[in-house]
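Quick notes on the structure that follows.
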Amino acid sequence: FAQIFRNKAKLLFPRVEAHLREQPDFIAFVCTFVELYIAYLIENPFLPSYLLQVSTNHVDLLKQVNVELPKQLVRAFEAAVRAKQIRPHDARQFVVSLLGMCVMPFVGKNLIKGFLGLDEREYRAFLAARAKEIQAYVVLLLTPDRRRRKVS
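Using this note's numbering, the first residue of the sequence shown is number 76, and each one after it goes up by one.
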């Protein structure tokens, strides 16, 4: 059981070191990450709920999982602030908000469908548009000097 949880946890937070090195622009990196991560979660929609449930009921298992993605994002964020690539902001708050914006539509599927009155087809369309929506928030929050940047 513990091994299955560790394997699934690694899937939720893929390794991104190579992508961080390949893309020196932090905002562009985050926008690409969001697109790929949402696509991954669309293919594996039950993964976030499974991991949330197991980690809530088996806190000891969390200590066995070495998840590097959030730490990598914090380090990259802080480096981008030092390089004046992005506006200063609390890196940890940004990472938690980013991951929450990505994961919540999957963990809270029924809640979102109910609150917004979406049927399954409309919900899938909502998910398909989710990456662009998150990217727009990222650009608005992080772009230095409030310059507007186009989301690709």
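Just so it is clear, CB atoms sit at the ideal spot from N, CA and C, and this is done for glycine as well.
Item, Value
"Inside the segment 112-192 only - alpha helix (DSSP H) runs reaching at least 4 residues", "122-132, 134-137, 144-157, 166-182 and 184-191"
"Selection from Ala166, Ala203 and Lys184 that minimises the alpha carbon distance to Ala105", "One point to set straight first is that residue 105 is Val, not Ala, in the sequence displayed. Minimum Cα distance to Val105 is reached at Ala166."
"Coarse secondary structure for Gln210, derived from DSSP in three states", "helix"
"Asp220, DSSP secondary structure in three states", "helix"
"For Gln98, the three-state DSSP class (helix, strand or coil)", "coil"
"Segment contact, 8 Å Cβ cut-off, at least three pairs: the segment 172-183 with the segment 121-138", "yes"
"Segment contact flag, the segment 100-115 with the segment 202-216, C-beta cutoff 8 Å, min 3 pairs", "yes"
"Spatially closest choice to Leu148 from Tyr198, Tyr212 and Leu174, by CA coordinates", "Leu174"
"Within 8 Å, strictly: CB atoms of Pro99 and Lys159", "no"
"Contact set for Tyr212: own chain, Cβ-Cβ below 8 Å, skip 5 residues either direction", "Met176"
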